[in-house]
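**Student:** To start, I am sharing the structure in question, which I have written as structure tokens.
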Amino acid sequence: MELVVNAVADERGTQEIKGRIRQFVAQTLLFNEQDYPFENADSFLQKGVIDSLGVVELVTFVSQEFGVQVNPSEVTPENFDSVDQLAGYIHRKLAQERGGNCAGS
């Protein structure tokens, strides 16, 4: 039962993280007050959402918004190229800092 409760809490946490990423990208990188216009799995690079300055802004956002220490070696497309990938990265980092494991990441 506890495992199910933790999995549901993890999923809610992941959805909240995705929402915050979508809002930041829409407002800061796309200068759009509306919602993020792409799917969560869409590549920031392929959609033209992000450039080198945008990467710096995204890293700063992750550090400030979620309190995650981003190592330069972790700034890769595998971690930072879509809402889904970035949310998974943040979720894993938060779990590491808590010494736990994240279900579904």
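The sequence shown begins at -4 in this note's numbering and counts up by one.
Even glycine gets a Cβ: it sits at the ideal position worked out from N, Cα and C.
Could you check the C-alpha separation between residue 49 and residue 59 for me, to the nearest Å?
**Tutor:** 15 angstroms
**Student:** Less than 9 angstroms between the C-beta atoms of residue 57 and residue 81, yes or no?
**Tutor:** yes
**Student:** Below 9 angstroms between beta carbons: does that hold for residue 30 and residue 36?
**Tutor:** no
**Student:** Within 10 angstroms of the Cβ of residue 83, are there 16 or more other Cβ atoms? Answer buried if so, exposed if not.
**Tutor:** buried
**Student:** Judging by CA-CA distance, which residue of 93, 62, 51 and 87 is the nearest neighbour of residue 70?
**Tutor:** 51
**Student:** From residue 75 to residue 85, what does the alpha carbon distance come to, in whole angstroms?
**Tutor:** Each residue's Cα considered, the two are about 10 angstroms apart.
**Student:** Is residue 65 helix, strand or coil by DSSP?
**Tutor:** Residue 65 carries a coil assignment under DSSP once its states are collapsed to helix, strand and coil.
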